[in-house]
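Peer 1:
Protein chains in written order, with this note's numbering: chain D, 334 to 429; chain V, 13 to 526; chain S, 79 to 567.
Listed below in structure tokens is the structure:
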């Protein structure tokens, strides 16, 4: 098995997911299978290969420094789960 | 009018043989009849569609200039933002999200005077190949309602296959247009990366995502692609290259076509009936004057592993924004705080050191929100991607995958020195049954083996119907072309369709629906 | 100051670039607007929208990097730094990780008071990134929730990371002063700490001298310093604290993981800040929505040629051209390019560089301080003031009268000539002065006698009388002429 349940639990915090014990069990097995399969890549010699992060070799796409109107706070926060009309509200960020 | 191609319908609209309102009503009727069974749509906005149709009819009557799709109904995958309307990505997370902007392609459809008929179902956030991962309901294959339509653009493929709409827009990150098109017996094209603007396309894996057309024929796909394609300054990865008049060119056959067959495609894992249909399609091309040549894509066996590292890594980051803070679903805050304080009490009572590690209210809000807002496949991919990018694993997984990605691209570059198009299967087997692979992610991922390398390489690909299984399920042929050779793909597909009639077959099953 | 340790400090400075719009969208970067009035789908991180690079931000960043003597990368790319925080709406910050825009530069610091020798401080890298929004928590109001304002989210920042080359709190402040000055001269940033357009984090540890050689202590990152003075104080406090901590625990570098501490300005101490281990796993990877940037040597050369005169060169020029001592050139140049330009015009008009410098320091800067204004708001043009100083230099009137004239020019907004005329000031020629002095001596035989006995003090009374008779006379000239005449008697 390529990954332990404890590791999966750690990753779930990093990913800000909360997994039930059953989900943790299931996902540990499934991730293990998939990661095992990924080991296939180990047989490819990539020592002289540059990584390819973009599908097309385009560079230097820039826009002019021009201001355009912003959304109003009402428009910006129309989808907000919680706001006071001026700001988004979230549980206290202290003690993060 | 049902059963005619978009090109034929457009001619009728232009000649005044029918109005857009009549056309829209006819397709709405089809939806009424069949979509209760197929469930391709998440939402159909009857009133808005008819209103658009009326406005276009009026424009036509008044002799005003009209867009390229004037009066034609089009369905749009629910992954493309539409201003002030819902854009859900078939996720609970965005069930009530209304974007204050139009996706570039939605704006282009509107400018082309298309009638936006409704929003189609999909795998949640475009993650999946069966449309079973929709948070709302699965979509069924019109050829066999027990089977999946493919995915993630399963809704867009099924609604075209069931003649509920002549044209649909989908997105393709690892085969999400081509595979459902293949499984539903229609035509679907994934353009070169950068050919179509991604602005307003809700990101799954940004370096792989492309928007493209689904239609009955290559000719229709050309019509729609002409509207979708083009440069957009709001997408830095969009290519600033002229858009050829695909629709005007599509019927010209490719002279002296050199067709490549990939040795690695005809190996283990390929269903015998699919292989037979594909080989038969190659013979059709030969009969049309094409020369066939075997080529090798030596790294194609690594494509699935490469793809299922890169795509989840990007996805884990792209989906980080869904945390309940600024928009979208948020868990019940009071319940969350109650849960947390109960846990705290318990840990205190037990004197457990785990008390120090207990989530803060903010972290717990994020975790509960995301746990309830995402479905299992999305969570799986977020977990995979987060893991593969995390400290200590980055080089072994993500960086390794980026390097193999380059090798895959170089394989294509070499192959295209010898051939004009590569032909092969689009999926290893016809559509499977609902639920068949739902608990086996790896086998689900392996179903993508012929499509993912197109996205990794950033090139274009098209899926066209090339036969049926003994059980009457459609089989698709995939053509792949060098970057920005959509015209070649479309003409290559169209010459096949001029010689065959697979693309004209419609699911008989629907006739049985009362 | 024989401390038993060396202090080792490296700084991470974030400065906001002076662009009109944000780094990746067209929202304004203006400071101090009502919350959430400068946001759009891009900087809110809404689904499907995409970032597009601001050309001006790139240009300013390259300018700063070249001026900091950095190597400009031929190829640079963007990366995502992933972490969850409500002021970071996308769940990642677009930054630069392994291929920054620039690297390996230096900034020379010097101290006009000569406390430290001029020295080059190494720059590890300078790279571009986007700012986060602001989260506000008002504990006093008893509010349970924090409020999030995204106006600042997406503002372009240049992060400038120094080598751990700074050896004292004073050097740290000198480095910050010089950096701020340089960026101001370049028009890259206004470096206003109050408005958050310059932020400093410091990494500090000690190399304690022991019989076994120098022992490095664990590195501490200090945050929350809101002024350069605060940085200096925090470094002073932290060095002392770390030394005491070392004496107590003997902890060396590597024994414990890096600690983050926050500076408490009112208490004058640093306090540990809580951070979870997992939160530092940023999972950097290349930003797929943005394409890389390239710079040719020609482009870099072009930027280099467009930099103009930088503070160090300007100081040298002022010293060479106008004979200024280093202290003066430092004061003038440190006020910014506009003031230095004002000074130069003044010096050219009046014909005496040191005299012009005195006037700037004693009169112009004082006025600006009183009015909390900058030189571009100073109502007296350099040519006008320069003319007044020139006439002071020529002895047409004394410094005090010159000041009166300046005050009147400031008050009335009138040009020098009109003010001088209005005050009834006309030059007193030599024969009129001579006549006046002779009258005074004739009327004051007692004083003449005293002076002859060597009691020069009495001459002061003559000056007072002379001013009553003719306010335009130059007291020094009266005194000199009177003494001359007495001597000849």
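Note that the Cβ used here is the ideal one computed from N, Cα and C, for glycine as well.
Taking a contact to mean a Cβ-Cβ separation below 7 Å, would you say residue 266(V) touches residue 511(V) in this structure?
Peer 2: Their beta carbons are not under 7 Å apart, which means residue 266(V) does not touch residue 511(V) by this criterion.
Peer 1: Return the first residue and the last residue of the beta strand (DSSP E) that residue 301(V) is part of.
Peer 2: Per DSSP, residue 301(V) belongs to no beta strand (DSSP E) and is neither H nor E.
Peer 1: Answer with yes or no whether the minimum CB distance from residue 374(D) to chain S is below 7 Å.
Peer 2: Chain S contact via Cβ: absent.
Peer 1: May I have the straight-line CA-CA distance separating residue 347(D) from residue 378(V), to the nearest angstrom?
Peer 2: Approximately 11 Å between the Cα atoms of the pair.
Peer 1: Can you look up residue 306(S) in the DSSP assignment and give me helix, strand or coil?
Peer 2: Helix at residue 306(S).
Peer 1: Put residue 89(V) into one of helix, strand or coil per three-state DSSP.
Peer 2: Residue 89(V) falls in the strand class under three-state DSSP.
Peer 1: Compare the C-beta of residue 213(V) with all C-beta atoms of chain S and state if any pair is closer than 7 Å.
Peer 2: By this cut-off, residue 213(V) is an interface position.
Peer 1: Given residue 360(S), which residues of its chain have a CB within under 7 Å of its CB, disregarding the five upstream and five downstream residues?
Peer 2: Excluding residues within five positions, the ones whose Cβ falls inside 7 Å are 159, 160 and 161.
Peer 1: Round the Cβ separation of residue 336(D) and residue 357(D) to the nearest angstrom and send it over; I've been treating them as touching at under 8 Å.
Peer 2: That belief does not hold up - the Cβ atoms of residue 336(D) and residue 357(D) are roughly 11 Å apart, past 8 Å.
Peer 1: Just tell me which of 298(V), 34(V), 76(V) and 435(V) has its CA closest to the CA of residue 61(V).
Peer 2: For residue 61(V), the nearest C-alpha among the options comes from 34(V).
Peer 1: Exposed or buried, what is residue 445(V) when buried is set at 16 or more other beta-carbons lying within 10 Å of its beta-carbon?
Peer 2: When all chains shown are included, residue 445(V) counts as exposed.
Peer 1: Going by the CB atoms, is the gap between residue 203(S) and residue 144(S) shorter than 7 Å?
Peer 2: No, they are not a contact pair.
Peer 1: How big is the Cα-Cα spacing for residue 258(S) and residue 271(S)?
Peer 2: Approximately 10 Å between the Cα atoms of the pair.
Peer 1: Mapping DSSP to helix, strand and coil, what is residue 338(V)?
Peer 2: Of the three classes helix, strand and coil, the one that applies to residue 338(V) here is coil, per DSSP.
Peer 1: Count Cβ pairs between the segment 384-394 of chain S and the segment 165-172 of chain S that sit closer than 8 Å; are there 3 or more?
Peer 2: No, because fewer than three Cβ pairs between the segment 384-394 of chain S and the segment 165-172 of chain S fall closer than 8 Å, the two stretches do not touch.
Peer 1: By DSSP, does residue 116(S) sit in helix, in strand, or in coil?
Peer 2: Correct three-state label for residue 116(S): coil.
Peer 1: Checking 7 Å against the spacing of the C-beta atoms, do residue 89(V) and residue 183(V) come in under that value?
Peer 2: For residue 89(V) and residue 183(V), yes; Cβs fall inside 7 Å.
Peer 1: Quick check: the Cα distance between residue 153(V) and residue 396(D), rounded to an integer number of angstroms?
Peer 2: The alpha-carbon atoms of residue 153(V) and residue 396(D) are separated by roughly 45 Å.
Peer 1: For residue 149(V), count neighbouring Cβ atoms within 10 angstroms of its own Cβ and tell me buried if that reaches 16, exposed if not.
Peer 2: That one is exposed.
Peer 1: Could you tell me the alpha carbon to alpha carbon distance between residue 428(D) and residue 412(D), rounded to whole angstroms?
Peer 2: Confidence in residue 428(D) is poor, its pLDDT being 47 and thus under 50, which makes the residue's placement too unreliable to answer from.
Peer 1: Tell me which residue opens and which closes the beta strand (DSSP E) that residue 482(V) is part of.
Peer 2: No beta strand (DSSP E) contains residue 482(V), which DSSP labels as neither H nor E.
Peer 1: Determine contact between the segment 244-255 of chain S and the segment 80-96 of chain S, defined as no fewer than three beta-carbon pairs at a distance below 8 Å.
Peer 2: Yes: at least three Cβ pairs fall under 8 Å.
Peer 1: Any idea what DSSP makes of residue 239(V), helix, strand or coil?
Peer 2: Of the three classes helix, strand and coil, the one that applies to residue 239(V) here is helix, per DSSP.
Peer 1: Would residue 85(V) and residue 214(V) be called neighbours here (beta carbons separated by less than 7 Å)?
Peer 2: Cβ atoms of residue 85(V) and residue 214(V): not closer than 7 Å.
Peer 1: Check whether the segment 549-560 of chain S and the segment 467-479 of chain S touch, using three or more Cβ-Cβ pairs below 8 Å as the test.
Peer 2: The answer is yes - the segment 467-479 of chain S touches the segment 549-560 of chain S, with three or more Cβ pairs under 8 Å.
Peer 1: Would residue 172(V) and residue 36(V) be called neighbours here (beta carbons separated by less than 7 Å)?
Peer 2: Going by C-beta atoms, residue 172(V) is not nearer than 7 Å to residue 36(V).
Peer 1: Report the neighbours of residue 115(S) on chain D: residues whose CB is nearer than 8 Å to its CB, in chain order.
Peer 2: Result: 403, 405 and 406.
Peer 1: Assign residue 287(S) to one of two classes, buried (16 or more other C-beta atoms within 10 Å of its C-beta) or exposed (fewer than that).
Peer 2: Exposed, since its Cβ has fewer than 16 Cβ neighbours within 10 Å.
Peer 1: Measure the alpha-carbon distance for residue 53(V) versus residue 132(V) and round it to whole angstroms.
Peer 2: One C-alpha to the other measures close to 4 Å.
Peer 1: I want to verify the contact list: residues of chain S whose CB lies under 9 Å from the CB of residue 358(D), in sequence order.
Peer 2: Per Cβ cutoff of 9 Å: no residues; residue 358(D) is ~22 Å from chain S at best.
Peer 1: Hey, does residue 226(S) have any beta-carbon neighbour from chain D nearer than 7 Å?
Peer 2: True, the Cβ-Cβ gap to chain D drops below 7 Å.
Peer 1: Any Cβ of chain V within less than 7 Å of the Cβ of residue 429(D)?
Peer 2: Confidence in residue 429(D) is poor, its pLDDT being 39 and thus under 50, which makes the residue's placement too unreliable to answer from.
Peer 1: Mapping DSSP to helix, strand and coil, what is residue 382(D)?
Peer 2: Coil.
Peer 1: Is it true that the segment 308-315 of chain S meets the segment 142-156 of chain S, where meeting means three or more beta-carbon pairs spaced less than 8 Å apart?
Peer 2: With the cut-off at 8 Å, the segment 308-315 of chain S and the segment 142-156 of chain S do not touch.
Peer 1: Assign residue 390(D) to one of two classes, buried (16 or more other C-beta atoms within 10 Å of its C-beta) or exposed (fewer than that).
Peer 2: Classification for residue 390(D): exposed.
Peer 1: Rounded to the nearest angstrom, what separates residue 66(V) and residue 32(V) at their Cα positions?
Peer 2: Those two C-alpha atoms are separated by around 7 Å.
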